[in-house]
Amino acid sequence: MKQKNVLQKNNITMWSEEKIDRFRQTLLNWYDESKRDLPWRETTNPYYIWVSEIMLQQTQVDTVIPYYNRFIKTLPKISDLAEAPEETLLKLWEGLGYYSRVRNMKVAAIQIQKDFEGKFPENHKDVLTLKGIGPYTAGAVTSIAFNQTQPAVDGNVMRVLSRLFEIDLDISKVSTRKVFEEIIRHLIDPERPGDFNQALMDLGATICTPKNYFPETSPVKEFNASYLNETWEKYPVKKKKTKVTEKTFYTLMIKNEKDEYLYEKRPSKGVLAGMFTPIMINQETFKEQGWKLFNEEDDYNSIVRELEQYIAEVYKLKIKMNSQPKGILKHVFSHIKWEMIVFEALALEDNARFENLKWIHMSQFDKEMFPVPTQKVNNLVETLTLF
DNA sequence: AACCCGTGGTT
DNA sequence: TAACCAAGGGT
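One point on numbering: in UniProt numbering, the residue at position 191 of the first sequence is 191, and numbering is uninterrupted.
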């Protein structure tokens with residue numbers, strides 16, 4: 001029995017060597033003329049390439065640029081990253097999201113100091129051992145910084161290739177990436193692998209986009225089977241996401257006599273792990289615990305009395321809440337939607353002394369790292385007069 | 001394999 | 001507006 005390779009299994013016919021050569025030339029010529037000027041394209045320093053690739057995970061180029069510039073300016077060497085306190089790193093990352101990315105980078109920087117004598121590893125397998133670096137990022141860094149012929153298959157590349165070859169595999173599945181990597185191993189330019197990978201991504205980001213895709217404007221349209229067959233609207237195939245769940249929180253901005261506000265550090269796992277928010281009480285959990293004498297509608301009086309009692313019992317803190325919410329804020333995550341019913345409150349005695357609680361004065365807000373939902377609450381409260 | 005993890009921009 | 005999307009990785 002003859003063993004079928006990955007491409008044969010998926011009914012993908014690879015181009016001839018001659019066609020592959022023409023494709024490389026066409027794509028790289030287009031890239032040389034049309035590539036975007038990006039700060040991380042001014043260097044081959046693997047550390048800087050690494051930083052950019054981590055920031056670019058699930059994040060748009062325009063968002064990343066200022067973060068990237070500030071990050072490498074503040075921490076110009078891997079050793080700086082390895083030695084930086086977590087608060088410094090989180091402040092540099094504030095607003096970018098997916099905060100485990102920067103925590104993992106610190107872990108990886110320490111790995112590099114320990115296992116690779118402080119020098120970013122060149123071996124692809126070594127790179128993959130670094131925390132937070134997966135198949136895409138390993139391929140990106142080794143191809144761009146070290147000119148290795150490694151595939152770097154991201155969402156752009158899968159979209160471009162699925163249209164070029166009319167591939168109907170579901171690109172939301174992790175296993176699909178391997179098929180596209182095999183295609184890239186055939187196509188990648190051995191002289192300029194990093195540029196080749198980046199060219200495909202630029203093409204996906206600027207021309208071969210998800211929407212507003214006009215294939216006749218593509219520099220490689222003659223290679224595009226879905227264009228020639230007028231089937232491009234079918235690609236890429238992507239399973240729809242499940243709906244986001246909604247959660248409602250009574251959110252308490254508690255102020256003491258020193259005009260400081262009370263924040264609570266979230267658990268080390270889960271959403272916004274280890275970050276500060278005001279005290280947030282999940283409405284559902286609250287009800288389940290038997291605090292249910294209130295009815296909703298526009299009368300918050302009974303809710304407020306219960307919340308005051310709850311804070312006294314759970315946090316050992318006497319507070320006086322305003323009887324009406326200051327506002328209702330919404331924040332959408334990738335998979336959750338928060339509704340925050342924000343109340344202002346005064347601490348009648350400053351005896352909240354739990355480890356996870358922290359009083360912070362408004363004048364220190366810009367020095368603290370706050371996730372965006374907390375920033376929204378802060379902004380709301382900054383506009384109000386308490387009592 | 002399926003789900004978790006932020007945020008901002010578009011349609 | 002709800003849904004979708006963006007240079008993914010960890011568990």
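All residues carry an ideal CB built from backbone N, CA and C; glycine is no exception. This structure is a prediction, so every number in the text was calculated from the model and none was measured.
Inset, instruction - Taking 8 Å as the cut-off, decide whether the C-beta atoms of Ile341 and Thr251 are in contact. - result: Yes. Within cutoff.
Inset, instruction - Would you kindly check if the distance between the Cβ of Phe249 and the Cβ of Asn197 is under 8 Å? - result: Contact: no.
Legend entry - Among Ile110, Asp202 and Ala225, nearest to Arg163 - alpha-carbon criterion: The shortest Cα separation from Arg163 among Ile110, Asp202 and Ala225 belongs to Ala225.
Inset, instruction - Please go through the same chain and pick out, in chain order, the residues whose beta-carbon is closer than 8 Å to the beta-carbon of Glu83, but skip the five residues on each side of it. - result: Apart from the 5 residues on each side of it in sequence, Glu83 has no Cβ closer than 8 Å to any other Cβ in its chain.
Legend entry - Inter-residue Cα distance where the pair is Thr149 and Tyr235: Each residue's Cα considered, the two are about 27 Å apart.
Inset, instruction - Measure from the alpha carbon of Trp93 to the alpha carbon of each residue in Lys265, Arg70, Val237 and Trp232, then state which is nearest. - result: It is Arg70 whose Cα lies nearest to the Cα of Trp93.
Legend entry - Complete runs of the alpha helix (DSSP H) confined to the region 307-377 [at least 4 residues]: DSSP runs (the alpha helix (DSSP H)) wholly in the region 307-377: none.
Inset, instruction - Go to Glu260, then tell me how far its alpha helix (DSSP H) extends in each direction, as first and last residue. - result: Glu260: not part of any alpha helix (DSSP H); member of the beta strand (DSSP E) spanning Glu260 to Lys265, first to last residue.
Inset, instruction - Would you kindly work out how many angstroms separate the C-alpha atoms of Leu357 and Glu264, rounded to a whole number? - result: So the alpha carbons of these two residues sit roughly 5 Å apart.
Inset, instruction - Using only alpha-carbon positions, find the residue among Pro135, Gln8, Asn10 and Leu27 that is nearest to Trp50. - result: Ranked by Cα distance from Trp50, the first of Pro135, Gln8, Asn10 and Leu27 is Pro135.
Inset, instruction - Buried or exposed for Lys255, please, with buried defined as at least 16 other CB atoms from any protein chain shown within 10 angstroms of its CB. - result: Burial call: buried.
Legend entry - Rounded Cβ spacing between Met321 and Glu306 (contact assumed at less than 8 Å): With a Cβ gap of about 10 Å, Met321 and Glu306 do not count as contacting.
Legend entry - Pairwise C-alpha distance: Thr176 and Glu42: Cα to Cα, Glu42 sits roughly 32 Å from Thr176.
Inset, instruction - Starting from Glu233, trace the alpha helix (DSSP H) both ways and give me its first and last residue. - result: Segment: none, Glu233 is in no alpha helix (DSSP H) and carries neither H nor E.
Inset, instruction - Could you pull the start and end residues of the alpha helix (DSSP H) that Ile183 belongs to? - result: First-last of the alpha helix (DSSP H) with Ile183: Thr176 to Leu187.
Legend entry - As assigned by DSSP and simplified to three states, the class of Tyr47: Residue state, collapsed to three classes: helix.
Legend entry - Anticipated Cβ contact below 8 Å, Arg101 with Gln57, distance rounded: Contact between Arg101 and Gln57 holds: CB atoms are separated by about 7 Å, below the 8 Å threshold.
Legend entry - Residue closest to Leu228, alpha-carbon to alpha-carbon, out of Lys239, Glu216 and Lys238: Answer by Cα proximity: Glu216.
Inset, instruction - Would you mind sorting Arg24 into buried or exposed? The rule is 16 or more other CB atoms within 10 Å of its CB. - result: Using a 10 angstroms sphere on the CB of Arg24, the tally of other CB atoms reaches 16 or more, which defines it as buried.
Inset, instruction - Could you tell me whether the region 367-380 touches the region 324-332, using the rule of 3 or more Cβ pairs below 8 Å? - result: Short answer: they touch.
Inset, instruction - Could you spell out where the alpha helix (DSSP H) holding Met14 opens and where it closes? - result: Counting along the chain, Met14 falls outside any alpha helix (DSSP H), and DSSP gives it neither H nor E.
Inset, instruction - List the endpoints of the continuous alpha helix (DSSP H) containing Lys247. - result: First-last for Lys247: Thr245 to Lys255, but that is the beta strand (DSSP E), not the alpha helix (DSSP H).
Inset, instruction - Can you say whether residue 390 is buried or exposed, counting buried as having 16 or more other CB atoms within 10 angstroms of its CB? - result: Because residue 390 is not part of the residues shown, which for the chain are 1 to 387, the question remains open.
Legend entry - C-beta atoms of Ala345 and Met280 nearer than 8 Å: If you check the CB distance, Ala345 and Met280 do not come in under 8 Å.
Inset, instruction - Using 10 angstroms around the beta-carbon of Phe180, count the other beta-carbons present and answer buried if the total reaches 16, otherwise exposed. - result: Per the 10 Å Cβ criterion, buried.
Inset, instruction - Tell me whether Arg159 is buried or exposed, calling it buried when 16 or more other Cβ atoms sit within 10 Å of its Cβ. - result: Burial call: buried.
Legend entry - Complete runs of the alpha helix (DSSP H) confined to the UniProt domain "HhH-GPD" (55-206) [at least 4 residues]: Here the runs fully enclosed are 61-74, 78-83, 86-93, 100-115, 124-128, 135-146, 155-164, 176-187 and 193-206.
Inset, instruction - Pick out whichever of Leu161, Asn11 and Glu182 has its Cα sitting closest to the Cα of Gly139. - result: Cα-wise, what sits closest to Gly139 is Glu182.
Legend entry - C-alpha gap between Lys35 and Asp202, whole angstroms: C-alpha of Lys35 to C-alpha of Asp202: approximately 7 Å in a straight line.
Legend entry - Top-ranked residue by Cα proximity to Ser79, from Leu262, Glu117, Asn5 and Asp259: Looking only at Leu262, Glu117, Asn5 and Asp259, the smallest Cα-Cα distance to Ser79 is reached by Glu117.
Legend entry - Residue closest to Ile20, alpha-carbon to alpha-carbon, out of Ile184, Asn10, Gln8 and Leu75: Looking at the Cα atoms, Ile184 is the closest of the given residues.
Legend entry - Residue burial classification, residue 388 (beta-carbon count within 10 angstroms, cutoff 16): Any answer about residue 388 is impossible in this case: the structure gives the chain only from 1 up to 387.
Legend entry - Per-residue burial, Gly95 [other beta carbons within 10 Å of its own, 16 or more giving buried]: Exposed.
Inset, instruction - Indicate whether Pro371 and Leu262 have their beta-carbon atoms separated by less than 8 Å. - result: The Cβ atoms of Pro371 and Leu262 do not sit closer than 8 Å to each other.
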